[in-house]
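Contents: one structure, followed by commentary.
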Amino acid sequence: MKILLLGAGGFIGVNLTERLMKDGVHEVTAVDIQDEKISELLDTDLHFLHLDISKDEAEVDKLVAASDVVVDLVAFANPSLYVEDPVGVFDLNFTQNMKVVQQCIRHKKRLIQFSTCEVYGITAAKAMGLDSRTHPMPFSEDETPLIMGPVKNQRWIYACAKQLLERVLHGYGLRGSLEWTVIRPFNFIGPRIDFLPSEAQGNPRVFSHFMNGLLYGTPLKLVDGGTAYRAYTYIDDAVDCMVRIIENPEKCKNQIINIGTPDNEVTIKEFCDICVEVFNTEFRQPGDPTPEIVSVTGEEFYGPGYEDCDRRIPVVTKARGLGWTSKHDMRSTILHTMKYFVEKHRAKQARGEV
Ligand code: NAD
Ligand code: UDP
10 MKILLLGAGG FIGVNLTERL MKDGVHEVTA VDIQDEKISE LLDTDLHFLH
60 LDISKDEAEV DKLVAASDVV VDLVAFANPS LYVEDPVGVF DLNFTQNMKV
110 VQQCIRHKKR LIQFSTCEVY GITAAKAMGL DSRTHPMPFS EDETPLIMGP
160 VKNQRWIYAC AKQLLERVLH GYGLRGSLEW TVIRPFNFIG PRIDFLPSEA
210 QGNPRVFSHF MNGLLYGTPL KLVDGGTAYR AYTYIDDAVD CMVRIIENPE
260 KCKNQIINIG TPDNEVTIKE FCDICVEVFN TEFRQPGDPT PEIVSVTGEE
310 FYGPGYEDCD RRIPVVTKAR GLGWTSKHDM RSTILHTMKY FVEKHRAKQA
360 RGEV
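Using the numbering used here, read the sequence shown as starting at 10 and increasing by one per residue.
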């Protein structure tokens, strides 16, 4: 199969590209505007192109025409950006991605579109004023209503843009003009998730903040006490499911598929405790800092317009129907992810760079 990966230079993209190159079964073309992460793979046979889906339409169109399946990972996928630049998030995550949809329709190509578990929004429990701790409500692809907070909480622009894209794909599927699959990832973590804050601009996802604290001594901040829940999936497990989706077009035709690990559900406070325990037990060396753990409000951390998702439990019957199951529990997910970042940090220490 000729696979075109758009956004291949990001966290999921690099890990998926690496697995596909290792398998050696398919021909992969990888596209991104950045190459810092994917540069580790550039000495393989990988065909990588620096292209921007917004500006290099003609080049991307030719690549779509030459492929069998297009996997679109391009997005702004960082909660602090949803609050700071909601219009920019809508433009990339909906308007620019729609160009790829049109190219797939024109060339009659299958499209695997990355969406998000965030399209589920808040739980029905929270919307009804119930406590989601005592009312767990798992999120099912074709059954669960999608409930967003008010417009003044611009965090929801990301989920709305992704949701609208899903609805448009569904509409084209009904017309018979597009074969699509939507993937809704539930909090993947693993090597290359984000650069640490001290290495790059921006506000990364929670693991990177905690890793940064453990290596550099910045406080571990629990937003609203860390009471929100997330269910984490190790990236290798997630990639395994993606490969099954790529290789099972008939079963996945015009389907939305959750990828997640309900057994790995924790509160962010519990996630923080496991990070500290794993670091102290497996990686701590003399001279490493001991960061304090503090509670901050969502507004202090992200600015006005933030609202958290209270709880996200995936229903994974469809993914299991592909013969897939997650192999890593919560501790081993954190252990393997941390190993990557700690080894990079120790190498820098050895070179005298930190
Ligand atoms: P990421 O930010 O690491 O990767 C996105 C990639 O898109 C980046 O490498 C970026 O350079 C690239 N990109 C941005 N604009 C581009 C453009 N104009 N042209 C070409 N490339 C461009 O994010 P990720 O974590 O790898 O997520 C990939 C997809 O999965 C996204 O659609 C995201 O919304 C979705 N998702 C991820 C998670 C998760 O747990 N990581 C959860 C929910 C949804
Ligand atoms: N969070 C936190 N401390 C941080 C960063 C995030 O407590 O340093 C919280 C955030 O408010 C949310 C959860 O951790 O409840 C996951 O945030 P992340 O940005 O990783 O991903 P999300 O699942 O919200 O997209």
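We put the beta carbon where it would ideally sit given N, CA and C, even for glycine. The model shown is predicted, which means the values in this text are computed figures rather than measured ones.
Residue range of the unbroken alpha helix (DSSP H) whose run includes His-345: 339-359
Complete runs of the alpha helix (DSSP H) confined to the stretch 68-150 [at least 4 residues]: 88-93, 95-99, 106-116 and 133-136
N-terminal and C-terminal residue of the alpha helix (DSSP H) that Lys-161 is part of: Unbroken run through Lys-161: none, as it is neither H nor E.
Secondary structure of Tyr-311, DSSP reduced to three states: helix
Residue interval of the alpha helix (DSSP H) (run including Asp-246): Its alpha helix (DSSP H) spans residues 244-256.
Closer than 7 Å: Gln-105 CB and nearest ligand 1 heavy atom: True, at least one ligand heavy atom lies under 7 Å from that Cβ.
Local conformation of Glu-259 per DSSP, three classes: helix
Nearest residue (CA-CA) to Asp-100, options Ile-47, Ala-168, Val-303 and Tyr-241: Ala-168
Check: Leu-90 C-beta below 7 Å from any heavy atom of ligand 1: no
CB of Thr-276 within 8 Å of CB of Pro-194, strictly: In this structure, Pro-194 does not lie closer than 8 Å to Thr-276 by Cβ.
Proximity winner among Leu-13, Val-191 and Arg-340, relative to Lys-260 (alpha-carbon distances): Val-191
Beta strand (DSSP E) segment containing Phe-57, residue limits: 56-59
Those runs of the beta strand (DSSP E) which lie wholly inside the stretch 178-224 and span at least 3 residues: 189-194
Terminal residues of the beta strand (DSSP E) in which Arg-239 lies: 238-240
CB of Val-160 within 8 Å of CB of Cys-113, strictly: no
Pro-323 in three-state terms, based on DSSP: strand
Ile-277 beta carbon near ligand 2 (any heavy atom closer than 7 Å): Yes, the Cβ of Ile-277 comes within 7 Å of a heavy atom of ligand 2.
Per-residue DSSP class, three states only, for Thr-38: strand
Sequence-distant residues of the same chain with beta carbon closer than 6 Å to Leu-229, five excluded per side: Taken in chain order, the residues that qualify are Phe-219, Gly-222, Cys-281, Pro-300 and Ile-302.
Euclidean distance between Cα positions of Val-63 and Ala-240: Contrary to the premise, residue 63 reads as Ser rather than Val in this sequence. The straight-line gap from Cα to Cα measures roughly 33 Å.
Euclidean distance between Cα positions of Val-109 and Asp-70: 8 Å
Where the beta strand (DSSP E) through Glu-274 begins and ends: 274-276
Cβ-based burial, Gln-163 [other Cβ within 10 Å; buried from 16]: buried
Nearest-angstrom beta carbon gap, Gly-226 and Pro-298 [assumed within contact, 8 Å]: Separation of the CB atoms of Pro-298 and Gly-226 is rounded to 3 Å, and the pair is thereby assigned contact status at 8 Å.
Cα-Cα separation, Lys-353 to Leu-224: 11 Å
Lys-11, DSSP secondary structure in three states: strand
Where the beta strand (DSSP E) containing Lys-64 begins and where it ends: Taken as a continuous stretch (DSSP letters only), Lys-64 belongs to no beta strand (DSSP E), as it is neither H nor E.
Counterpart residues of Val-232 in DSSP-defined beta bridges: When DSSP reads this structure, Val-232 sits in a beta bridge with Val-305.
Beta-carbon spacing of Leu-25, Val-324 below 8 Å: no
Among Lys-135, Pro-147 and Leu-72, the one whose alpha carbon lies nearest that of Lys-118: Leu-72
Near ligand 1: Asn-196 beta-carbon under 7 Å from a heavy atom: yes
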